[in-house]
Structure formats: C-alpha cells, structure tokens
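**Q**
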Amino acid sequence: MNWSPRYESVVLRARRYAPYLLGVEIFVTLVFALVPVDSVLLSVHIWDKAQHFSVFAVLTLTASFTYPNNRPVACVGLLAFGFLIEILQASMTSSRSGELLDVIADGIGIVIGGLLYALIQRVFLPAIPDTVLPPPKP
1121 MNWSPRYESV
1131 VLRARRYAPY
1141 LLGVEIFVTL
1151 VFALVPVDSV
1161 LLSVHIWDKA
1171 QHFSVFAVLT
1181 LTASFTYPNN
1191 RPVACVGLLA
1201 FGFLIEILQA
1211 SMTSSRSGEL
1221 LDVIADGIGI
1231 VIGGLLYALI
1241 QRVFLPAIPD
1251 TVLPPPKP
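Given below as structure tokens:
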C-alpha cells in the first residue's frame, strides 16, 4: 500500500498532538480512580476489571502512537502507573481499595492495547515506518 505525502502529513500532525491527548487521558484516569465511589459522576456500574482493562488498552494505544520507538518503555510506565493508582487508592481514599487483580487487569489491557497497535500499524501505517516519524514535540 502506497500512501500519499498528504496522508503522511496527517499522521505526522496527529503524532504531534498525541502527547497532549495522552496527558489528558492519564489525568482523567487518575481523577476517576481517586474520587470516592459515590461521587463518580457516571453512575454506570461496569465490572471493575473490565474498566481497568479497557482504560489501559486505550492508554497503551495512545502511548504507542505517541512514542512508537519506545513502546516497551511506555508499557512499563503504564504498568507502573496502574500500580501507583492501586497504592494511592489503598492509602488516600476511604471508599476504594488497592487490589493486585486490578494491576493484573491493567497489564492484560496493556498487552491487548499493544497488540491492537501492532495490527493498526501493519494494516493502516505500513508505508510510514516508526523509525521515519520524528518524536513528538513537547
């Protein structure tokens, strides 16, 4: 598949703004992880592990797009973030508890997010190798 220069330009521009999106995602994740359960604005009751899994899959997709040359480091960082959330929930909140199973769900979400990124990279971005794309500007 041969992409046009315009398509490459769109990908490069999207990669420029990806760090900001990742920052917002991390901030929102942290806020929702630490607010008391009864204060959460969204009263949708979804299974806790599915929430961890899906949030960390999305975070991994964004982190992989943001830092394609450092995906392993980004994944380890996200797992550390998940572990930090559990420590903060156990020590700073009275209505939440830190659970090792939540960290495991985070890890599974990270693996699935990484696999999804690899699939997207193979199908949609094959003509634009990660090594050609410049790192995002802060």
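Okay, so the sequence shown: first residue is 1121 according to this note's numbering, each after it adds one.
A virtual CB, placed ideally from N, CA and C, is assigned to each residue, including glycine.
Only a predicted model underlies this, so the values are computations on that prediction, with no experimental measurement involved.
#1: DSSP three-state label for E1206, please.
#2: Rank N1190, A1134, G1227, S1217 by C-alpha distance to the C-alpha of A1153 and give the top, closest one.
#3: If you count every other CB in all the chains shown that lies within 10 Å of the CB of D1222, and 16 or more means buried, which is it?
#4: Could you check how far apart the C-beta atoms of Y1140 and S1184 are, in whole angstroms? I think they sit under 8 Å.
#5: Cutting at 6 Å between CB atoms, please list the residues of its own chain near V1175, excluding the five before and the five after it.
#6: Using a Cβ-Cβ cut-off of 8 Å (strictly less than) and excluding sequence neighbours within five positions of T1209, which residues of its own chain qualify?
#7: Alpha carbon to alpha carbon, how far is S1211 from I1146?
#8: Would you grab the beta carbon distance between A1138 and T1186 for me? Rounded to a whole angstrom, and I think it's under 8 Å.
#9: What whole-angstrom Cβ distance do F1173 and G1229 have, given they're in contact under 8 Å?
#10: Closer than 7 Å by C-beta to T1213: which residues in its own chain qualify, once you throw out the five before and the five after it? Chain order, please.
**A** This is what the structure gives:
#1: Reduced to three states, the DSSP call for E1206 is helix.
#2: Looking at the Cα atoms, S1217 is the closest of the given residues.
#3: buried
#4: About 16 Å separates the two Cβ atoms, so there is no contact after all.
#5: T1149
#6: Correcting the residue type first, residue 1209 is Gln in the shown sequence and not Thr. Closer than 8 Å at the Cβ level, and outside the excluded window around Q1209, lie A1153, L1154, R1216, S1217, G1218.
#7: 20 Å
#8: At roughly 4 Å, the Cβ-Cβ gap stays under 8 Å, so A1138 and T1186 are in contact.
#9: About 4 Å separates the two Cβ atoms, so the contact holds.
#10: L1154, P1156
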